[in-house]
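Just add 435 to the spot in the sequence shown (first one is 1) and you have our numbering. Note that the Cβ used here is the ideal one computed from N, Cα and C, for glycine as well.
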Amino acid sequence: MKILLAAGGSGGHIYPGLSIIEAIEKIAPETEFLWVGTYKGREKEVAQSKNISYVPVKAWSINNEGFIWKIQAFWFHGLMTLKLMAKMKREKIDAVVTTGGYATASSLMAATLLGIPIFMHEQNVYPGLGTRKFGKFAKRIFTSFPGTEEYLPGMKEKISLLGNPIRDIFSHIDREEIRKKLDVTDKILVVSIGGSLGAQSINGFIRSMIPTIENRKDLYWVHVVGMDYEEELKFYKDKKNMEAHLFLHDLPSYLVASDLLISRSGASTLTEISSLGRASILIPSSNVLDDHQMFNAKLFSDKKAAIIIEDSQLSTNMAQDTLVDLLVNEEKRKELALRSKGIAPLDGAENIALEILELL
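Structure representation (structure tokens):
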């Protein structure tokens with residue numbers, strides 16, 4: 436059997452795809468894979484590291500408002516669709532699995548025209564354009580969170596809520612052992628992250644909290660400024676009760692040890708929060724297509740499992756007051772943590788792999 440995976444762009448699309456491949460390999464090791472992605476995306480390196488044949492396509496967003504841009508985008512999508520149709524025929528592809536990104540559109544079109552079974556995975560609460568447009572042609576749509584079905588009218592019978600197939604990075608970590616190692620056994624450990632590249636608004640907010648943090652002996656704060664904000668590190672030099680990093684290679688250990696997380700609300704992050712059962716303050720990015728992060732955050736907020744602070748509110752007293760209230764209110768942190776646990780189904784990769792193989 437041969438499966439084509441279309442996934443690319445951000446890690447939020449790439450790693451769920453990789454997790455599904457690894458889960459299928461465990462169950463059906465004879466399965467062969469092709470990976471369709473962009474020319475310059477990280478997915479190429481990931482595919483090559485797994486010795487998976489890689490098929491690059493030119494990917495254009497059709498969300499740009501310019502008329503000429505849209506004409507060019509549709510032209511290139513057409514060319515890439517023809518290229519992939521020829522590739523799928525030649526390779527005798529049995530199924531197409533997509534986990535999102537601009538590279539998926541041509542794969543979905545090619546598979547639809549050839550009648551090849553399509554399996555789509557949607558990471559976010561509000562589905563992406565590809566899922567909304569091509570979902571009706573899919574054999575199955577795997578969703579990560581409850582509520583996505585509301586935005587896919589007429590497709591309910593195709594939907595399986597199986598979770599976001601993140602890799603298992605927590606089960607081998609002992610929380611108490613890590614807390615001892617970090618010397619925070621009797622402290623509130625806060626971990627704040629602005630994304631792998633960082634976020635100016637979040638960095639500014641955490642900077643404004645430095646006096647409060649230094650005055651709290653019961654608090655220890657770990658902040659990830661992001662790779663694009665190296666100059667931020669100078670603000671944290673020699674500060675009490677805190678440390679700052681460009682990037683944390685051992686981030687999973689810090690997440691397991693934490694009592695409170697402050698982060699963006701990407702799908703993978705929320706799956707991790709739900710898996711761990713952690714109190715969180717979510718700051719949805721306002722620069723994400725279709726406002727995906729706000730939809731994700733609102734799912735948790737509506738269930739009283741997280742607190743939302745918007746980017747535009749980070750410079751206000753309200754944001755600081757909200758955070759301080761959560762730091763002094765242990766009961767509230769425990770309630771948020773308890774409610775967050777289990778919102779997203781676990782073992783997504785294995786269950787998705789099983790369902791794909793059963794339907795082929």
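- A distance below 8 Å separates the beta carbons of residue 542 and residue 441.
- Taking 4 residues as the minimum length, the alpha helix (DSSP H) runs contained wholly in the segment 451 to 512 are 478 to 484, in order along the chain.
- Rounded to the nearest angstrom, the Cβ distance from residue 577 to residue 557 is 7 Å, consistent with a contact under 8 Å.
- Considered as a whole, the segment 534 to 576 harbours 539 to 549 and 564 to 569 as its complete alpha helix (DSSP H) runs of no fewer than 4 residues, in chain order.
- A straight-line Cα-Cα distance of about 36 Å links residue 743 and residue 789.
- Residue environment: residue 750 is assigned as exposed (fewer than 16 neighbouring CB atoms within 10 Å of its CB, all protein chains considered).
- In its own chain, leaving out the 5 sequence neighbours on each side, no residue places its CB closer than 8 Å to the CB of residue 616.
- Taking a C-beta distance under 8 Å as the contact criterion, residue 562 and residue 539 do not qualify as a contact pair.
- Taking a 10 Å sphere around the C-beta of residue 753, we find fewer than 16 other C-beta atoms and assign the residue as exposed.
- When only Cα atoms are considered, residue 624 and residue 601 end up about 24 Å apart.
- Per the DSSP secondary-structure output, residue 530 pairs in a beta bridge with 438.
- Here the C-alpha atom of residue 618 lies approximately 11 Å from the C-alpha atom of residue 692.
- Assigned with DSSP and collapsed to three states, residue 658 falls in strand.
- In the DSSP assignment, residue 680 falls outside any alpha helix (DSSP H) and lies within the beta strand (DSSP E) extending over 677 to 680.
- The segment 710 to 762 contains, as complete alpha helix (DSSP H) runs of 4+ residues, the segments 727 to 737 (chain order).
- Residue 474 counts as exposed, since fewer than 16 other beta carbons sit within 10 angstroms of its beta carbon.
- The Cβ atoms of residue 464 and residue 534 do not sit closer than 8 Å to each other.
- Taken atom to atom, the span from the alpha-carbon of residue 476 to that of residue 683 is near 22 Å.
- Counting every other CB atom within 10 Å of its CB across the protein chains shown gives residue 580 a total of 16 or more, marking it as buried.
- Between the segment 762 to 778 and the segment 712 to 727, the count of C-beta pairs closer than 8 Å reaches three or more; the two stretches touch.
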